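Numbering (the numbering used here), first residue to last: 1066 to 1174.
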């Protein structure tokens, strides 16, 4: 049910309700990860990252947090290269924006 809402609001987000779309995508992804549905969680975190890039591109903290979470989900999925790529991008975002705590988390992967 929440996954459908996330997709619905993602489409709507492109027309104005991006905050709600991003919230649903994040919550649904977190629920999927808690249920060990890592492929679904990965897909939904990538949707959240797309929404962030399109509507909240100046929010580096949000991008870094999403990348860190995606990196953990990809690691849980056993996808080493996508996990590493997410952590590397998170490290870069945190470094460029002087987000010290997030930089440390990204380095520890």
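Glycine included, each C-beta is placed from N, C-alpha and C at the ideal position.
Remember, predicted model here, so these are calculated numbers, not experimental data.
Margin query: Measuring only the C-alpha atoms, how far is residue 1116 from residue 1087?
Written below: On the chain shown, position 51 is the one that residue 1116 refers to. On the chain shown, position 22 is the one that residue 1087 refers to. Here the C-alpha atom of residue 1116 lies approximately 6 Å from the C-alpha atom of residue 1087.
Margin query: Below 8 Å on the Cβ atoms is my contact criterion, and I expect residue 1112 with residue 1090 to pass it. Report the Cβ-Cβ distance as a whole number of Å.
Written below: Mapped onto the chain shown, residue 1112 falls at position 47. Mapped onto the chain shown, residue 1090 falls at position 25. For residue 1112 against residue 1090, the beta-carbon gap comes to about 5 Å, under 8 Å, which counts as contact.
Checklist line | For residue 1163, three-class secondary structure by DSSP | finding: Mapped onto the chain shown, residue 1163 falls at position 98. Correct three-state label for residue 1163: coil.
Next item on the list: Report buried or exposed for residue 1107, applying the criterion of at least 16 other Cβ atoms within 10 angstroms of its Cβ.
Entry: Here residue 1107 corresponds to residue number 42 of the chain shown, with the count starting at 1. Buried is the call here.
Item checked: Simplified DSSP assignment, three categories, for residue 1102 -> Mapped onto the chain shown, residue 1102 falls at position 37. Residue 1102: coil per DSSP, three-state reduction.
Check: Straight-line CA distance for residue 1157 to residue 1147?
Finding: The residue given as residue 1157 occupies position 92 in the chain shown. The residue given as residue 1147 occupies position 82 in the chain shown. In this structure, the CA atom of residue 1157 is about 15 Å from the CA atom of residue 1147.
Check: residue 1124 lies in the alpha helix (DSSP H); which residues open and close that run?
Finding: Taking the first residue of the chain shown as position 1, residue 1124 is located at position 59. No alpha helix (DSSP H) contains residue 1124, which DSSP labels as neither H nor E.
Item checked: Distance between residue 1126 and residue 1166 (C-alpha atoms, nearest Å) -> Along the chain shown, one-based indexing puts residue 1166 at 101. Along the chain shown, one-based indexing puts residue 1126 at 61. Just so you know, the alpha carbons of residue 1166 and residue 1126 end up roughly 10 Å apart.
Notebook entry, point to check: Does DSSP put residue 1082 in a helix, in a strand, or in coil?
Noted result: Reading the chain shown from its first residue, position 17 is the one you call residue 1082. Three-state result, residue 1082: coil.
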